[in-house]
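Residue numbers (UniProt numbering): 1 to 173. We treat Cβ as the ideally placed atom computed from N, Cα and C, and that holds for glycine. Given the structure is predicted, the values throughout are model-derived calculations rather than measurements.
Right under this line is the structure:
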């Protein structure tokens with residue numbers, strides 16, 4: 001547009017071989033081109049402003065994404081550390097269990113494993129003040145007296161959940 005306006009202005013300035021009407025039309029065209037150029041420049045400025053605003057938003061959102069990614073990486077590292085700690089503890093407990101299981105009679109260990117599977121991972125529960133800590137039910141007086149009368153090495157079980165009851169000094173016997 002600028003080139004065309006400059007060319008038309010040059011033709012107008014020289015005016016060679018043109019009628020007055022042609023010169024008048026040429027002047028109107030130059031004015032029209034200048035108005036059109038102004039309108040287009042306004043559009044370009046508006047687009048540039050919107051682009052700048054969008055770029056600021058992109059920068060802000062990029063910062064947010066980086067912050068969230070850092071938090072995710074931190075949480076992942078903490079999770080991995082916790083898993084490693086759990087794995088270490090599980091290996092230690094498994095080793096301890098194997099040592100203890102070696103000293104337990106095979107038939108008792110078989111019963112315990114069967115109950116553990118049936119009861120969701122807990123095959124034995126502590127008897128604490130006449131209450132089975134597996135099912136949290138207090139033994140009635142008859143069942144409690146049977147447990148009290150049983151030999152120290154006898155295997156006693158809860159009537160309610162059938163877990164093996166582990167008797168301690170806190171059992172209330």
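Please go through the same chain and pick out, in chain order, the residues whose beta-carbon is closer than 7 Å to the beta-carbon of residue i, but skip the five residues on each side of it.
i           : result
residue 30  : 5, 8, 9 and 12
residue 109 : 101
Could you spell out the range, first to last residue, of the beta strand (DSSP E) harbouring residue i?
i           : result
residue 166 : 164-167
residue 126 : 124-128
One question on the structure: do residue i and residue j come within less than 8 Å of each other, judged by their Cβ atoms?
i           : j           : result
residue 163 : residue 119 : yes
residue 131 : residue 122 : no
residue 136 : residue 173 : no
residue 165 : residue 125 : yes
residue 170 : residue 128 : yes
residue 2   : residue 37  : yes
Count the other CB atoms, across all protein chains shown, that sit within 10 Å of the CB of residue i; report buried if there are 16 or more and exposed otherwise.
i           : result
residue 73  : exposed
residue 76  : exposed
residue 178 : The structure shown does not extend to residue 178, since the chain spans only 1 to 173, so no value can be given for it.
Over what stretch of residues does the alpha helix (DSSP H) that includes residue i continue unbroken?
i           : result
residue 97  : 20-102
residue 109 : 106-118
residue 146 : 141-149
residue 157 : Segment: none, residue 157 is in no alpha helix (DSSP H) and carries neither H nor E.
residue 7   : 2-14
Given residue i, which residues of its chain have a CB within under 6 Å of its CB, disregarding the five upstream and five downstream residues?
i           : result
residue 159 : 143
residue 150 : 156
residue 167 : 127
For residue i, collect the residues of the same chain with a Cβ closer than 8 Å to its Cβ; drop the 5 residues on either side in sequence, then sort them by chain order.
i          : result
residue 34 : 5
With three or more beta-carbon pairs closer than 8 Å as the criterion, would you say the segment 94-108 touches the segment 140-151? These segments do not touch.
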